[in-house]
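Residue numbering for the sequence shown follows my numbering, beginning at 1 and increasing consecutively.
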Amino acid sequence: MNSFLFFLFSGISLMSSVSVIFVLNPVDSVLCLVLTFISAAMLTFLLQIEFIPLVLIVVYVGAIAVLFLFIVMMLDIKLSSKADDFFKYLPFGTGITIFFTAAFFSELTNVFSTPEALNHFFYQEENWFLVLNTGSNIQVLGKALYTEFFIFFVLAGIILLVAMLGSITLTLKCNKTVKNQVFSRQLSRNSSKAIFLIRS
């Protein structure tokens, strides 16, 4: 039974995650993202880990994914201009991606340039049975996250930063037809230059 549920939720997670990328409608894409989170949480429940799937459902499904859904529903997205915008920003996006990738791998090689650092990161052994018995579930997760898997924690922060910048970029609209008021110029005008006599 557990094997059947594992393959079922794995297939749902795989199909929904692929649909997030390839679905054209952004609302359907966010709904597929919610389904991916739920199926991943069910997979974690099968491993008899209760804390992580509850956090995944409450935080990601209950807050972030629903917020994405409301934002996408409020945006005026034109699907016809998606291809034009993609090729318009492709050089800029490619340059930014190459820059951050090169910076990340350069810093990674500097950190792990010595054999001692590599041995400390990849071959450090620890008796996790003793760790599990010394604290609560949250303490064990914090110890593992900030010691053994700190690089993945930093990568998660970078991904959240990119998502935040992307949402700000999507909601920022610059309409050139709208006339903006410059209050500094308006307040600096005097009456001799502001009042004109027009003869009919």
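Every residue, glycine too, gets a C-beta built ideally from N, C-alpha and C.
Nonlocal neighbours in the same chain, by C-beta distance under 7 Å from residue i, ignoring five residues either side
{"i": "Thr36", "result": "Ser13, Ser16, Ser17 and Val20"}
{"i": "Phe9", "result": "Ser39, Met42 and Leu43"}
{"i": "Gly157", "result": "none"}
Cut-off 6 Å between Cβ atoms - residues of its own chain near residue i, not counting five sequence neighbours on either side
{"i": "Val34", "result": "Val61 and Ala65"}
{"i": "Ala40", "result": "Ser13"}
Outcome for residue i when other beta-carbon atoms lying within 10 angstroms are tallied against a minimum of 16
{"i": "Val30", "result": "buried"}
{"i": "Ile57", "result": "buried"}
{"i": "Phe68", "result": "buried"}
{"i": "Leu165", "result": "exposed"}
Inter-residue Cα distance where the pair is residue i and residue j
{"i": "Phe152", "j": "Gly142", "result": "13 Å"}
{"i": "Ala102", "j": "Val72", "result": "32 Å"}
{"i": "Ser188", "j": "Val182", "result": "10 Å"}
{"i": "Leu47", "j": "Leu90", "result": "41 Å"}
{"i": "Phe99", "j": "Ile168", "result": "21 Å"}
{"i": "Asn180", "j": "Asn190", "result": "20 Å"}
Any non-hydrogen atom of the ligand MN within 8 Å of residue i CB
{"i": "Val66", "result": "Although the ligand MN was asked about, the structure shown includes no ligands whatsoever."}
Cut-off 8 Å between Cβ atoms - residues of its own chain near residue i, not counting five sequence neighbours on either side
{"i": "Asn2", "result": "Leu46"}
- Enumerated in chain order, which unbroken segments of the alpha helix (DSSP H) with a length of 4 residues or greater are wholly contained in the stretch 30 to 110? With a minimum length of 4 residues, the continuous alpha helix (DSSP H) runs that stay inside the stretch 30 to 110 are 51 to 55 and 66 to 74.
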